[in-house]
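Novice: What follows is a structure written as structure tokens; I'll ask about it next.
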Amino acid sequence: MSEYSVPQESARVLRDKILGHPCHKDLPIAAQKYVDFVKFSGQDAQLFLMSAVIIEGVADPRLREVISNLVRHLHAFCRESRVTRPEFQAALKVLARAGQMTDDTRDEVLLLTDVLGSEALIDDITRVVERDTATVTAHMGDSIVHGFDEAAHAYLHGSIVDSETGKPISGAELDVWEAAPNGLYEQQDPDQPDMSLRGIFRTGEDGKYSLYCLRPTTYPIPDDGPAGDLLKLLDRHPMRAAHIHFMLKAPGYKTLVTELFDREDKYVNNDSMFAVKPSLIVDFVPRADDPKAQYTAQFTFRANES
Ligand SMILES: [Fe+2]
Numbered sequence: 060m061s062e063y064s065v066p067q068e069s070a071r072v073l074r075d076k077i078l079g080h081p082c083h084k085d086l087p088i089a090a091q092k093y094v095d096f097v098k099f100s101g102q103d104a105q106l107f108l109m110s111a112v113i114i115e116g117v118a119d120p121r122l123r124e125v126i127s128n129l130v131r132h133l134h135a136f137c138r139e140s141r142v143t144r145p146e147f148q149a150a151l152k153v154l155a156r157a158g159q160m161t162d163d164t165r166d167e168v169l170l171l172t173d174v175l176g177s178e179a180l181i182d183d184i185t186r187v188v189e190r191d192t193a194t195v196t197a198h199m200g201d202s203i204v205h206g207f208d209e210a211a212h213a214y215l216h217g218s219i220v221d222s223e224t225g226k227p228i229s230g231a232e233l234d235v236w237e238a239a240p241n242g243l244y245e246q247q248d249p250d251q252p253d254m255s256l257r258g259i260f261r262t263g264e265d266g267k268y269s270l271y272c273l274r275p276t277t278y279p280i281p282d283d284g285p286a287g288d289l290l291k292l293l294d295r296h297p298m299r300a301a302h303i304h305f306m307l308k309a310p311g312y313k314t315l316v317t318e319l320f321d322r323e324d325k326y327v328n329n330d331s332m333f334a335v336k337p338s339l340i341v342d343f344v345p346r347a348d349d350p351k352a353q354y355t356a357q358f359t360f361r362a363n364e365s
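To get this note's numbering, take the position in the sequence shown, counting from 1, and add 59.
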């Protein structure tokens, strides 16, 4: 008796066995037997056979799993949404345009995933899969077009510690960057000098850091491409919650990329990229007797050993 014709196995177990089986040339035949066995018909049988054929030559188990799921969900999405050919072609044009707009200074494809919340979700999944106890990650960055308010100055300080032991990490490097009050990062604003509102800071023996920065201001993501079109279509705003970007590096530790958000910002609960996590929100409190800053904020970064 073939392993694919054991009648006492449940349909689900048998299906998983076929899709999880190491690559071999008889997989489509086995799949057909399975279809016959569970009396699949029509689209279900077609989808199952198609999945079996697509992953037939794939030996890597992770790739088999991902591709099988992709095909299954793609078909389910098209069926459930009753996607027509003109709609499909329009969607392909959106993706193509996003790719064409992507260059060294702007990632429109990433922006599209951001406004649908995918990147924030993947951050969460990665954290669970990697059992990450470090500071929560957030976006690497985005391009912007124009901004608004005049920003106040702030004194930002805190520690960088080992996520497991809480031990201060000396010699850690904190790369910081933020947008100007006009909403522009320096590389996108010819009126700002090179490296404006950017800096690299290192912790001392005590693992502490401190720096002066601008209290961050909100700004809109670029809305002249497919991501902006999608937001308009959904009647959603393009504004980012006010934030400062950080990249943390330390010998023996994983690089950490994250953002800190201002609790009092208007968009802190309504970020167009869904990037705000509660543990990344900080309080900018009034600071007395400092001619260089009207506010201060404190944050402890936790890094994972590499
Ligand atoms: Fe940003």
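We treat Cβ as the ideally placed atom computed from N, Cα and C, and that holds for glycine. Since this is a predicted model, take the numbers as computed values, not measurements.
Of the choices T164, L122, A362 and A239, whose alpha-carbon is the least far from that of L315?
Specialist: By one-based count along the sequence shown, residue 315 stands at place 256. Selected option, being the one with the closest Cα: A362.
Novice: Compute the distance between the beta-carbons of S365 and K313, then report whether it is under 8 Å.
Specialist: Taking the sequence shown and counting its residues from 1, the one referred to as residue 365 is at position 306. Taking the sequence shown and counting its residues from 1, the one referred to as residue 313 is at position 254. Yes, the Cβ-Cβ distance between S365 and K313 is below 8 Å.
Novice: Less than 8 Å between C-beta atoms, sequence neighbours within five positions excluded: which residues of the same chain meet that for V327?
Specialist: Residue mapping note: residue 327 aligns to position 268 of the sequence shown, counting from 1. So the list reads A300, A301, F320, D321, V335 and I340, once near-sequence residues are dropped.
Novice: Work out the CA separation of T196 and V125 for me, nearest whole Å.
Specialist: In the sequence shown, the residue the question calls residue 125 occupies position 66. In the sequence shown, the residue the question calls residue 196 occupies position 137. Cα to Cα, V125 sits roughly 24 Å from T196.
Novice: Please name the residue in T262, R156 and A211 whose C-alpha comes closest to that of G217.
Specialist: In the sequence shown, the residue the question calls residue 217 occupies position 158. Comparing Cα positions, the closest option is T262.
Novice: On a Cα-Cα basis, can you pick out the residue from A179, S229, G266 and Y278 that is closest to P337?
Specialist: Against the sequence shown, residue 337 aligns to sequence position 278. P337 has its Cα closest to that of A179, out of A179, S229, G266 and Y278.
Novice: Please tell me whether, using a cut-off of 7 Å, the distance from the CB of H216 to the nearest non-hydrogen atom of ligand 1 is below it.
Specialist: In the sequence shown, residue 216 corresponds to position 157, counting from 1. No; taking the cut-off as 7 Å, the Cβ of H216 has no heavy atom of ligand 1 nearer than that.
Novice: Tell me whether T143 is buried or exposed, calling it buried when 16 or more other Cβ atoms sit within 10 Å of its Cβ.
Specialist: As a position in the sequence shown, residue 143 is number 84, starting the count at 1. Label assigned to T143: exposed.
Novice: Are the beta-carbon atoms belonging to A238 and Y271 less than 8 Å from one another?
Specialist: Working through the sequence shown from its first residue, we reach residue 238 at position 179. Working through the sequence shown from its first residue, we reach residue 271 at position 212. No, the pair does not count as a contact, with Cβ atoms beyond the cut-off.
Novice: On the three-pair Cβ rule with 8 Å, is the segment 164-179 touching the segment 281-300?
Specialist: These segments touch.
Novice: Let me check one thing: in DSSP terms, what residues is P227 bridge-paired to?
Specialist: Within the sequence shown, numbered from 1, the residue matching residue 227 stands at position 168. Per DSSP, V220.
Novice: Applying the criterion that 16 or more other CB atoms from any shown protein chain within 10 Å of the CB defines a buried residue, is L122 buried or exposed?
Specialist: The count along the sequence shown starts at 1 and reaches residue 122 at position 63. Its Cβ having fewer than 16 others within 10 Å, L122 is exposed.
Novice: Heavy atom of ligand 1 less than 7 Å from the Cβ of A366, yes or no?
Specialist: In this structure the chain extends from 60 to 365, so residue 366 is not present and cannot be described.
Novice: Tell me whether H302 counts as near ligand 1, meaning its Cβ is closer than 7 Å to at least one heavy atom of that ligand.
Specialist: To locate residue 302, count along the sequence shown from 1; it is residue 243. The answer is yes for H302.
Novice: Return yes when at least one heavy atom of ligand 1 lies under 7 Å from the C-beta of R165, else no.
Specialist: Here residue 165 corresponds to residue number 106 of the sequence shown, with the count starting at 1. Not under cutoff, so the answer is no.
Novice: Spatial neighbours of P345 within its chain, please: CB distance less than 7 Å, with the 5 preceding and 5 following residues excluded, ordered by chain position.
Specialist: Along the sequence shown, one-based indexing puts residue 345 at 286. Contacts found: Q353 and Y354.
Novice: Considering only residues of the same chain and omitting the five flanking positions on each side of I303, which have a CB-CB separation below 7 Å?
Specialist: Translated into the one-based positions of the sequence shown, residue 303 becomes position 244. The answer, listed in chain order, is V235, E237, C272, P275, E318 and L319.
Novice: Less than 6 Å between C-beta atoms, sequence neighbours within five positions excluded: which residues of the same chain meet that for D248?
Specialist: Counted from its first residue, the sequence shown places residue 248 at position 189. Nothing listed; no residue qualifies.
Novice: Tell me the DSSP secondary structure of T172 in three-state form.
Specialist: As a first step, residue 172 is located in the sequence shown; it is residue number 113 there, counting from the start. Correct three-state label for T172: helix.
Novice: Could you pull out every unbroken beta strand (DSSP E) segment of at least 3 residues lying fully inside the segment 119-163, listed in chain order?
Specialist: Counting only runs of 3 or more, we get nothing.
Novice: Nearest by alpha-carbon distance to D221: which of G311, M109, E323 and D349 is it?
Specialist: Sequence index remark: in the sequence shown, residue 221 carries index 162 (1-based). Of the candidates G311, M109, E323 and D349, the one whose C-alpha sits nearest the C-alpha of D221 is G311.
Novice: Rounded to a whole number of angstroms, what is the C-alpha to C-alpha distance between M332 and D349?
Specialist: Numbered from 1 along the sequence shown, position 273 holds the residue referred to as residue 332. Numbered from 1 along the sequence shown, position 290 holds the residue referred to as residue 349. Using only the alpha carbons, I get a separation of about 34 Å.
Novice: Judging by CA-CA distance, which residue of R156, E115, L106 and V153 is the nearest neighbour of A135?
Specialist: For the purposes of this step, residue 135 is taken as residue 76 along the sequence shown, with counting starting at 1. Cα-wise, what sits closest to A135 is L106.
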